[in-house]
Each structure stands twice: as C-alpha cells, then as structure tokens.
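Trainee:
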Amino acid sequence: MVDLRSNTGGIRSPNPFWLASAPPTNSGAQIMRAFEAGWGGAVWKTLGQPIQNVSSRFGSHNYGAKKTIGFNNVELITDRPLEVNFREIYEVKKRFPDHAVIVSLMVETEEEWKDLIMRSMDAGADGLELNFGCPHGMCERGMGSAVGQEPKVNERITGWVTSYSKIPVLVKLTPNVSDIVPHGLAAQRGGAQGVSLINTIKSIIGVDVDKFVLYPTVGDKSTNGGYCGAAVKPIALHMVGALSRDPRFSLPISGIGGVANWRDAVEFMLLGASSVQVCTEVMLKGYRIVEDMIEGLSEYMIRHKFETLEDFRGKAVASYSEWGELNVNFEQVAKIDASKCIGCYDCVAACRDGAHQCIEPAAVGAPRVPVIDESECVGCNLCEIVCPVQDCITMVEVDNGYAPASWNEHVYQGAAVRYKKGSH
Amino acid sequence: MKLAEKRSETVFQDFKPALSAGHAFAEASRCLFCEDAPCTIACPTSIDIPQFIRKIATGNLKGSARTIFDANILGSSCARVCPVEVLCVGACVYNHMDQPPIQIGKLQRHATDHAIAQGWQFHTAGPDSGFSVGLVGGGPASLSAAHQLRRQGHAVTIYEKRSVIGGLDVTGVAPYKVRADDVAKEIDWLLGIGGIEVRTGVQVGADVTWAELEQRHDALFVGIGLGADSLLDVPGAQLPGVQGAVAFIEAMKLGTVDLSNVRHALVIGGGNTAVDAVRELNGLGVKDVTLVYRGTEAGMPGYKHEWKVAKIDGVHAAWQALPVAFQGNGRVESVRCIRMDEHKKPIPGAEFDLPADLVLLGIGQAKLGELLGGLPGVTLDKGRVVVDAHGFTGRRGLWAGGDCTNGGKEVVNAVAEGKSAAIAIDEYLTTTAAAARQAKEAPHG
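Chains B and G, in that order, are what the protein sequence lines are.
Residues 18 to 441 in our numbering are what the first sequence spells out, letter by letter.
Residues 4 to 448 in our numbering are what the second sequence spells out, letter by letter.
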C-alpha cells in the first residue's frame, strides 16, 4: 500500500492534491464537498477587504474543437464578508481536522496583515498563503503581483507575516517576472516555510473580432486577466524546476499551473513539488476528478515501487541541465512502423515545411508509407509529434561511434563532435 | 428552373440529414489535414478536401464553399449524390485507424448549401471572347463545361431535349439523397454566372442538325448521357406493368406515379439503378419489393452500402434468378424465373413464379453514340463515344463527356469530364480557332 500523505513546509494533508485559492474554494460548503470527494487540502479563496466583481469574469482559449486549453479570469479576491469566511473555515476544520485548510491572504498594511493572520489562526487554519501573485485588479492597488514582482517588498511583507504567524506560511509567487529565482529567495529570506507557484499569467485571452472588444467582455470593455489551465503547465514546470535546481533555494514547493490529472501532478513532484494545487480543471469538470488523481498516483507509485511521495519528489530535477551540458553526440532518428501507418503524410508536410526535409512520400505505386532518409534525419521529434497514430513513429537511438561530449566540453576541452546532419 | 409542384419524390426525407453548425465544426475539427490527401485523390473533381474542411473548422464558410465550387461547380448535389463510401470517405485515412472516417459529403453539403442559400457567387464570366460553344444535352457534364467556358468568356448555348435541364442529377438521383428541387436550386445558382443560354425541348437530329450546330458554333460539347432503359426480349415484355426503371424514376422525380394498386413489385437487375429502384418503391409504400438478379449477392455490381440499407428497409431479393417470361391477363401478374448456376447459366427445369403487379427493368440503358455515328472522325465503342483524356472526339471542334463517353458513371465523373473538356475547348478556341479566324479575316496581300 502506498502512502500518499503530503507535508509542505509543515502543512500536512492526506494526499498532495489541494484546491488552489480560486472560485472552487470560495465557501465552506464547497470545500466540505471537495474534501468528501477526496481532495487533501484547500487554499481558501483569498481574503482581504471584500471587493466588487464584474460580469463577465472568465475567458477561454480554444484550439480547434478542443475547448479551453487555456483559461483566464478577471475575478478578484473574495467578495464575501470576512467574518463569514472565518466562521466557515472554523466549521470546515472542525469537520475535517486531518485535511489541510490554508488561508490565502492579501491586504495592504501591516496592521491588516496582523489582524487577518490572527483570525486565521483562531479559525483553525493549517497554514497561510500570501497572495503576491494576482496579476489583475489587485496589483493596480499595490497588492498581488505588485508585491511579488519586487523582491524587497516581498521579503518585508513575508517578514511581517512570519513574525505574527504560528502556522506555516507559503508565499505564492507570480510568474510575471523574467526570473523566478530571486523571488523565491526573497520569500526564503522573509522566513516563509514554503512557496507555491505559479499564480496566473498576465494575459489577454482573445479578441471578439466582430465587436472589436477583448474577452472576457465587460460591456464594451475588458481588461487583462490571469491566464491558467492546461496550456500554462510548461511555464509552471519550468519555474518550479528553476527553483528546485537552485542550490540557494531550499523551501518546500506547492506546485500550481495546469495540473489536470495525476500525471501532471507527478511531473510537478518530480520537479520538486511536495503538493500540487488545482483550479481550472475543477472549474471545468468538478471536484470528482480527484478520484482518478488519487488512483492514478497510487498506481504510478506501485508501478515504480515508491512507498511515499518523498521517494520520487525531485527525481527529475537532476536531468534539468544547461544546454551546453547536453550530449551533442547523442543521436536518434525517426522510424515508421509501416504496419501502423495510415498514410496521412502529416509527417511529410511537417518535415518538409517545418523541419529538415528528410521525409518523402512513398514512390509511385508503392504502399502509402513515407520514407525517412535517416542519413539526414536530425532526430527532432516533429514527425512523431504530428503523427496521429500511437507508436507509429518512434525515435530510435543510433550509435554513431562518438563518445558522449557536451558543447561545453567541445569548446573548452576540444571533445570530438559528430557530423552535423540536416544542415544542407 | 421550374418543376411540377406535385412530385412523388417529395415524400422522401434525406437519408443523410444535414449537419448542424456545431456538429459540422466538431467533425471538421477531426480532419487530419492530410498531405497529398487520399480523399482528394479519390475525388474525380479533385476537390481540395482538407482545405475546405479546415475552412469550416476556422469559421471561413465562404472560403470553404469557394474551394469546393472552384473544383466542382455542382459541389452541392455531388455532396449528396456521390457514393462517398467508395470515393473520398472510403479513402479517408481514419479508416485505417479504427476511427470513423470524416463525413466529407456532409461537410461539403454544409458549406455548399450555405453558400447557395446566401447566394454567394464565386465566379464571374470572363471578357467576351467572341467564340461560341454549343452544348448538346443539359446534364451535369454540359453544365460543368458551360460554367467553365463562361468563366473564359465564351458564349454558350445548351440544347436539351427535355423541358428541364440537369439530366440525371434532376431526373435520376434517388430522392432520399437529393430531391429535384434542391438540384434545381443549385442549377439556378450555377446559371447565375450569366450568359448561359438554355434551349429546352430541342432534339438534336430532329429539331436541329449536327451540321447546323457546327455551323452555328465554334466548338461543340456533347453530353447526351444514356438512352432508354434496355428491355428484356422475353414473352410478355410488352405487358402493361412492365417498364424501365430509369423511366419510372424520372416519372417519380418530375411528376407523380400511382402505386396504389401495387402489392408486389419486382426490380430486375443488380446494379445501382435497380438498388435505387427497390429503395424508392419501398419508400413510396409498396409492401412487397423484391430485387431479382441473375448473379449472387456477393457478385452484384451495385454498391454494397446501398443494398445493405435496402435490406434493412425490408426489401427482399431473389438471387441467381433470370426472368424468362412476364405473365398476366392484360397486365403483368407474375414473372416466371429460372434459377441460375454460379456461372450465371440457367439450371434446366429450375423454374419458379414470382407474383408481380409492377416490374421495373434496371438492367442497363441504351447507348446514344449512334446519334453521332454518322459524323466523320467520331469513333464509337459499343455505342459509347470514344474520347481522349480531355474529351476530344477526334473530330475537329467536337468534344464529349459524361455518361455518353464513360458508359454511365456518377454525376461527379460527368462534372469532371465536362470541366476538363471545357479547358481543352478553351485552349482550342484561343489557339487553333483564333488562328484560323485571323487567317480568314486577314486582308489578302
């Protein structure tokens, strides 16, 4: 039996699946339903001075018939009275003492921070998450990402919070920066017990081409919103990986950004996350997606003989290298399984127009299976990516007789590098 | 184009209903956008199918219809009439990966129906070339050729013996695929290019001679299709109640047929006309419809996918049966058949009777090549007009296409052949004919 229990900077939960601070964690009733469905933790919708929201609030980035590969919102923090939120936090913790309830906070003055921290602790919260990431609405008021983008401000406010808080503090980082590391280090210097990332990305989700207004339209105007959903996962993974591989950074991480299933969660954990937070997929499909997340993660761990999350947390971090450290003598070529090929020639077009012109249509009269010129194939993966058939095109390593050598070794130590392919 | 208000065909609903906009979008989005796509290769008119489908998926419906009509000016009726199962859809690569093929015909219908309903025109007549082309027969081949020739600026005149143009696309297509009024809409839309003169009720040979036509026009295109239903030379063939299937279908498409007294109908033949006829009789309410074919079910030339539906509809079949006599008192009452062996040879003594109030003969149609037989330079092959790859007959200025040259194929083949011939005619007019005219008009030095 695998042990899914998670510990993120002292915040313990029965599994690593948390709901991110967002509409799915707007109320106690919702969070209790989520916990019943199997979620291990929830970060309460950010508390602060209640605001007024607009209508509409959400926008979708679609690709072909696939709806919502990306999502954005212009919703602000909670619009419910603070006392109602704190009462519900208390009720949730009373009913679910073993689940993690983390209160997300965003206020302006030290006094306000102190007040909300005390009330959160009184309500029984397991931890705090400082919303230094919101990229819309709140940042113009000097909060959210306006804090997260300035390491000094981040460090100072984190310092206030950690001096008052007796429960673990996570700083939620904004991705709207050129390099995430200084911001993670600022949180660390401020005394935080962990970081959570990424918050949403500043974005315009689309434009109504007939009405000439951005989405999501609010009457005849719109504004930039926070981008999230499946499409942001690669950006989030990079930022999590960048912190995990930095020797100066040592805080636990709660991974956020495009987590839609157990596999996404495992990817974040392999890059160092102790827990993951989910919002968009729950907004689109509801709380019950967690059943597969728990089961999928368990089966994954059984398959790899991992007993606890710590057995694989960070396992992929070491593979994250600088380009100059990659082995330029590693060589692979594409192979097509003729028995699986359906003859769409998507690989022919992609290689011809988008890669290195080494896949040709079959000769006239021959079966409609493309022909790969392996002597020119650079092993770029494009054909494998565009192929609609599973396992039809595979990338196969070839032995070129060269000893492994990185570009750095070539430049600085004169290591021999192989013949350059596809440079015709 | 005017059709009779009351037509028996109007009881039929579309067997393949139109897609909703949402369904079309979802289906279009599945397309893999194949390179050198098998569906396009399979299309006789070479429609760039991946492009028109992608344009549906991106909301560029007008561009989608343009792509279709650029290649096939009868793209709307072909979308419904084409045996897509053996053409584009049959070639879809999804067939090789356990996924349903793209519903290309339905998507094509989606785009073209919309274009016709909106009245979008994609082509304009070219500047007047001073040349004139006569088109004999008003079916799909001639319509396709006429439209293409107008784009090049040539004057065109269609000579049609019936009161309506459109040929089999109007008179012969199974009404559960497309009704005559839908085809009429497309033809009216096609004529929207302007300058296509249509003369109906003109029988070439009787009302006007070939010599007169050749005199009148700089080039001719012949798309006269096939002739009357072939009849069986057996006793009782002249009995009332025995008639040709094509003639019956035309009667049902253009007017009304009375089947109120028909309880048992037999359709003789195993080709597509016969298969259409059994489904049509069934749809028109005849309780007992039987296909009588001299070969086996596996060996029938008609499309399997069509026959499958007929079977589901409850149509019966008598396989390996050859009618040897039509029997009845003043009207057909039964058909005497003889059982055939696997070599389609009668088994002596194996005779049996099938009751029948109506017998339709779907065993082929006469070839009309003889109409041109007297013209020097024109070659016939068993009644078919022999042409080269571009429809040229060998006689100066005379091209042909459609069923009269291919022996009876699909509407889409006729459209392709008409267009191909039109391109060849244009080349002839702008080179050979132009040079001849110049020489004639040049002042004698």
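The beta carbon of each residue, even a glycine, is placed where N, CA and C say it ideally should be.
Fair warning: this is a prediction, and the values are worked out from it, not measured in the lab.
Just to make sure I have the definition right: I need the residues of chain G whose C-beta is within less than 9 Å of the C-beta of residue 360(B). Which are they?
Mentor: Ordered by position in chain G, the residues that pass the 9 Å Cβ test against residue 360(B) are 37, 41, 96, 99.
Trainee: Check each residue of the segment 19 to 36 of chain G: if its Cβ is closer than 9 Å to any Cβ of chain B, include it; give the result in chain order.
Mentor: Cβ contacts with chain B: 28, 29, 30, 31, 32, 33, 35, 36.
Trainee: If you drop the 5 nearest sequence neighbours on each side, which residues of the same chain put their C-beta closer than 7 Å to that of residue 60(B)?
Mentor: The answer, listed in chain order, is 35, 36, 37, 38, 42, 119, 121, 146, 294.
Trainee: At the level of alpha carbons, what is the spacing between residue 31(G) and residue 425(G)?
Mentor: Answer to the nearest angstrom: the Cα atoms are 32 Å apart.
Trainee: Hey, is residue 371(B)'s beta-carbon within less than 8 Å of any beta-carbon in chain G?
Mentor: No, its Cβ sits nowhere closer than 8 Å to a Cβ of chain G.
Trainee: Please list the residues of the segment 52 to 63 of chain G that have a C-beta atom closer than 8 Å to any C-beta atom in chain B, keeping them in chain order.
Mentor: So the close ones are 60.
Trainee: Tell me which residues share the same chain as residue 403(B) and place their Cβ nearer than 7 Å to its Cβ, disregarding the 5 neighbours each side in the sequence.
Mentor: Contacts found: 363, 364, 367.
Trainee: Nearest CA to the CA of residue 259(B): which residue from 214(B), 233(B), 241(B), 280(B)?
Mentor: Closest option to residue 259(B), Cα to Cα, is 214(B).
Trainee: In chain order, what residues of the same chain have a beta carbon less than 8 Å from the beta carbon of residue 84(G), not counting five sequence neighbours either side?
Mentor: Closer than 8 Å at the Cβ level, and outside the excluded window around residue 84(G), lie 172, 176, 180, 181, 413, 414, 415.
Trainee: Starting from residue 227(B), follow the beta strand (DSSP E) in both directions and report where the run begins and ends.
Mentor: It is not in any beta strand (DSSP E) - residue 227(B) carries neither H nor E in the DSSP assignment.
Trainee: Can you check which of these residues, 277(G), 72(G), 204(G), 390(G), is closest to residue 162(G) by C-alpha distance?
Mentor: For the residues 277(G), 72(G), 204(G), 390(G), the minimum Cα distance to residue 162(G) belongs to 204(G).
Trainee: State whether the segment 195 to 213 of chain G contacts the segment 333 to 352 of chain G, with contact taken as three or more CB pairs (one from each stretch) at a distance under 8 Å.
Mentor: No, because fewer than three Cβ pairs between the segment 195 to 213 of chain G and the segment 333 to 352 of chain G fall closer than 8 Å, the two stretches do not touch.
Trainee: In three-state terms, what does DSSP make of residue 106(B)?
Mentor: Note: residue 106(B) maps to helix in three-state DSSP.
Trainee: So is residue 81(B) in contact with chain G if we call contact Cβ pairs under 8 Å?
Mentor: It does: the Cβ of residue 81(B) has a partner Cβ on chain G nearer than 8 Å.
Trainee: Determine the DSSP secondary structure at residue 62(B), reduced to helix, strand or coil.
Mentor: The answer is strand: DSSP assigns residue 62(B) an E or B state.
Trainee: Residues of chain G with CB under 7 Å from residue 366(B), in chain order?
Mentor: By Cβ distance, chain G contributes 38.
Trainee: In whole angstroms, give me the CA-to-CA distance for residue 84(B) and residue 378(B).
Mentor: Straight-line Cα distance between these residues: approximately 33 Å.
Trainee: Which same chain residues end up closer than 7 Å to residue 310(B) when comparing Cβ atoms and leaving out the 5 residues on each side of it in sequence?
Mentor: Contacts found: 34, 278, 279, 282.
Trainee: Could one say the Cβ of residue 378(B) lies closer than 8 Å to chain G's Cβ atoms, at least one of them?
Mentor: Yes - at least one Cβ of chain G is within 8 Å of the one on residue 378(B).
Trainee: Using the beta-carbon count (16 or more within 10 Å), is residue 310(G) buried or exposed?
Mentor: Buried: at least 16 other Cβ atoms inside 10 Å.
Trainee: If you run the structure through DSSP and keep just helix, strand and coil, what is residue 123(B)?
Mentor: Correct three-state label for residue 123(B): coil.
Trainee: Looking at the structure shown, is residue 78(B) part of a helix, part of a strand, or coil, going by DSSP?
Mentor: If DSSP states are grouped into helix, strand and coil, residue 78(B) belongs with the strands.
Trainee: Scan the segment 293 to 337 of chain B and note each continuous alpha helix (DSSP H) run of 4 residues or more that stays entirely inside, going in chain order.
Mentor: With a minimum length of 4 residues, the continuous alpha helix (DSSP H) runs that stay inside the segment 293 to 337 of chain B are 297 to 302, 307 to 320.
Trainee: Please report whether the beta-carbon of residue 408(B) lies at a distance below 8 Å from any beta-carbon of chain G.
Mentor: False, the Cβ-Cβ gap to chain G never drops below 8 Å.
Trainee: Which ranges would you report for the beta strand (DSSP E) in the segment 159 to 227 of chain G if only whole runs of at least 3 residues count?
Mentor: Listed in chain order, they are 199 to 203, 222 to 225.
Trainee: Taking 8 Å as the threshold (beta carbon to beta carbon), is residue 390(B) in contact with chain G?
Mentor: Chain G, which has no Cβ nearer than 8 Å to the Cβ of residue 390(B), makes this no.
Trainee: Mind the definition here: the segment 216 to 236 of chain G touches the segment 108 to 117 of chain G only if three or more C-beta pairs lie below 8 Å; say whether that holds.
Mentor: Taking 8 Å as the limit for Cβ pairs, the verdict is that the segment 108 to 117 of chain G does not touch the segment 216 to 236 of chain G.
Trainee: In the DSSP assignment, what residue or residues form a beta bridge with residue 349(G)?
Mentor: Residue 349(G) pairs with 343(G).
Trainee: Under 8 Å between beta-carbons, which chain D residues line up against residue 384(B)? List them in chain order, please.
Mentor: Protein chains B and G are contained in the structure displayed, whereas chain D is not.
Trainee: What is the DSSP secondary structure of residue 424(B), counted as helix, strand or coil?
Mentor: Of the three classes helix, strand and coil, the one that applies to residue 424(B) here is helix, per DSSP.
Trainee: On the criterion of 16 or more Cβ atoms from any shown chain inside 10 Å, does residue 151(G) qualify as buried, or is it exposed?
Mentor: Counting Cβ neighbours within 10 Å, residue 151(G) comes out buried, since at least 16 surround it.
Trainee: State the beta-bridge partners of residue 70(B) as determined by DSSP.
Mentor: Note: residue 70(B) sits in no beta bridge, so no partner.
Trainee: With a Cβ-Cβ cutoff of 8 Å, do residue 360(G) and residue 282(G) count as a contact?
Mentor: Going by C-beta atoms, residue 360(G) is not nearer than 8 Å to residue 282(G).
Trainee: Using 8 Å as the limit for Cβ to Cβ distance, is residue 227(B) near chain G?
Mentor: Not closer than 8 Å to any Cβ of chain G, the Cβ of residue 227(B) fails to qualify, so no.
Trainee: Hey, residue 132(G) and residue 432(G) are a contact pair by Cβ (cut 8 Å); roughly how many whole angstroms apart?
Mentor: Residue 132(G) to residue 432(G), Cβ: 7 Å. Contact.
Trainee: To the nearest angstrom, report how far apart residue 184(G) and residue 430(G) are at their CA atoms.
Mentor: Approximately 35 Å, taken between the alpha carbons.
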